[in-house]
Each structure stands twice: as C-alpha cells, then as structure tokens.
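Residue numbers (our numbering), protein chains in the order written: chain A, 1 to 111; chain B, 1001 to 1112. In this text, a Cβ means the ideal position worked out from N, Cα and C, and glycines have one as well. The next block holds one structure in the form of structure tokens; read it before the comments.
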C-alpha cells in the first residue's frame, strides 16, 4: 500500500520567514495530494491541494509543488504569521478515495 | 452550512468496555470516511462508506471495530471490547462524490 513520509516533525520559524514542509510517497498511482492544517483543538482543514497533472499550485502565501518522478511534494508558506502556527498534514490519495497521511509537522511561528 | 459533527468530543472508558462514536455528515455528502490518529503518529484510514455501503474497510484493525451507516446518513463506529491500544483521536470526514474531504472535530478516546 501507499506510504507517506513527512519532514520535519517540528519546525520553528521567525514571523515573516518562509516555511517548507516536505513529503514523499511510495505509490506512483497516487494522483491527488491535499494538505490539511489543524490548529490546536480544532478540526483538520484543507488549505491547498494538487493533482498529479499539475506541477505547482499557489494560493496567496501558500504554494504546493509536486515532483511525480521523484514522488515528493512540498508545502511552502511565505511571510509566515503567528496564526500559521498549527500542525500540518500532507496526504496522498488515488481518485479521491482514502487518503494516506504523513505524521504531521508542528509549525511554530515566533512573533 | 453546518460542518461535519462528531459525538462525543471526548470519551474515557476502561479496558473491556464498549464505546460508540457517532458522525453526522454535511447534508448531501454521500461519502463518509473514518480515520484514527494514535498519539503523535499519522492519521490512518479505517473505512469508507458510499451512502450506506462499505466501499473499503481495509483499514479496520480487527473485528472489535464495527461501523455502520444505516440509511446513508449518520454513521457509528463501535469498539467492543475496547483495548488500551484503541486510544487515539477518531476523525470522520465526508465528501460529495468522493471529492474534497471535510473533517469533523474528532472524538478523543482514552482507554484505561
């Protein structure tokens, strides 16, 4: 089955700096890659996603890149703000079926 | 639009007891998924309903877990008897046509 690895497990950045979270997957059949943000005590929320026919997608300060050949994808957050502090999960799926998640990255943005 | 709701938010039970978790999907969402996150680890898939039918239950750990979705609306996940290793946060997620999955707030289960 699919295996998703996520790094780093914790990330601390200064407000205004960029943050990058990386994930790798094992199953070349995976074609959908969502990213979820979970703030403390709240539900995971989808922040951005990418399909395998696209190499990059951007939404304001958030971008995701996908390298199908290398089977890795990354989340980039620019100009980080304290409200970006949360746990971020990457996931891989096939045709929107079950997702395989990474183990999460706890991002701390220091004011 | 109301989001996915789960009940209870927390449950503390003793080993050997039974617990039933409930998930109410966003109205009209035909796909319903159960996931579990054990302390500090990844969120793991348990099973997937399409309406009232089990589409994929490959993630169910063992036969102590029973999921139902009668009528294709809300779903329940029963653990009987509960073991220590069942502790974790149980998430429900729902979608229309298997597309974007919207998560509930989770049920935090602690088995003592």
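*May I ask which residues mark the beginning and end of the beta strand (DSSP E) holding residue 1010(B)?*
According to the DSSP assignment, residue 1010(B) belongs to the beta strand (DSSP E) that extends over 1010-1013.
*Report back the beta-carbon spacing between residue 1107(B) and residue 1006(B) to the nearest angstrom; my notes put them in contact at under 8 Å.*
Between residue 1107(B) and residue 1006(B), the beta carbon gap of about 5 Å places them in contact (Cβ cut-off 8 Å).
*Do three or more CB pairs link the segment 65-73 of chain A to the segment 95-110 of chain A at distances below 8 Å?*
They do not touch, by the three-pair rule.
*Alpha carbon to alpha carbon, how far is residue 1055(B) from residue 1099(B)?*
Rounded to the nearest angstrom, the two C-alpha atoms are 15 Å apart.
*Coil, strand or helix - residue 1100(B) by DSSP*: The three-state secondary structure of residue 1100(B), taken from DSSP, is coil.
*Can you name, in chain order, every residue of its own chain whose Cβ lies under 7 Å from the Cβ of residue 111(A), other than the five neighbours on each side?*
Cβ within range, chain order: 15, 82.
*In terms of alpha-carbon separation, which member of 1052(B), 1081(B), 1112(B), 1092(B) lies closest to residue 45(A)?*
Per the Cα distances, 1092(B).
*From the beta carbon of residue 37(A), is the nearest beta carbon of chain B less than 7 Å away?*
By this cut-off, residue 37(A) is not an interface position.
*Considering only residues of the segment 1049-1105 of chain B, which uninterrupted beta strand (DSSP E) runs meet the minimum length of 3 residues and lie entirely inside it, listed in chain order?*
You should have 1053-1056, 1065-1068, 1075-1079, 1088-1095.
*asked:* Using 8 Å as the cut-off, can you tell me whether the segment 5-14 of chain A makes contact with the segment 32-41 of chain A, which would need three or more C-beta pairs spanning the two stretches below that distance?
replied: Verdict: no, contact absent.
*Grab me the residues of residue 102(A)'s own chain with a C-beta within less than 8 Å of its C-beta, minus the 5 sequence neighbours each way, in chain order.*
Closer than 8 Å at the Cβ level, and outside the excluded window around residue 102(A), lie 4, 5, 6, 23, 89, 90, 91.
*asked:* To be precise: take each residue of the segment 1089-1109 of chain B, compare its Cβ to all Cβ atoms of chain A, and keep it if any distance is under 9 Å. Which residues remain?
replied: Listed by position along the chain: 1091, 1093, 1095, 1097, 1098, 1099, 1100, 1101, 1102, 1103, 1104, 1105, 1106.
*With DSSP collapsed to three states, give me the class of residue 2(A).*
In this structure, residue 2(A) counts as coil in the three-state DSSP scheme.
*asked:* Less than 7 Å between C-beta atoms, sequence neighbours within five positions excluded: which residues of the same chain meet that for residue 55(A)?
replied: The answer, listed in chain order, is 65, 66.
*Taking all protein chains shown into account, decide if residue 104(A) is buried (16 or more other Cβ within 10 angstroms of its Cβ) or exposed.*
Burial call: buried.
_C-alpha gap between residue 1078(B) and residue 1068(B), whole angstroms_ = Each residue's Cα considered, the two are about 9 Å apart.
_Under the three-state DSSP convention, the category residue 1030(B) falls into_ = Correct three-state label for residue 1030(B): coil.
_For residue 1045(B) and residue 1059(B), the rounded distance between their alpha carbons_ = Separation of residue 1059(B) and residue 1045(B) (C-alpha to C-alpha, rounded to the nearest whole angstrom) is 5 Å.
*Classify residue 1070(B) as buried or exposed, calling it buried when 16 or more other Cβ atoms lie within 10 Å of its own Cβ.*
Flag for residue 1070(B) reads exposed.
*Under three-state DSSP, which class holds residue 56(A)?*
Looking at residue 56(A) - three-state DSSP - the assignment turns out to be strand.
*What's the C-alpha gap between residue 61(A) and residue 80(A)?*
About 8 Å.
*Put residue 34(A) into one of helix, strand or coil per three-state DSSP.*
Strand at residue 34(A).
*To the nearest whole angstrom, what separates the beta carbons of residue 1115(B) and residue 1010(B), a pair I think is in contact under 8 Å?*
It is not possible to answer for residue 1115(B), since the shown part of chain B is limited to 1001 through 1112.
*asked:* At the level of alpha carbons, what is the spacing between residue 49(A) and residue 1014(B)?
replied: In a straight line, the C-alpha of residue 49(A) is about 40 Å away from that of residue 1014(B).
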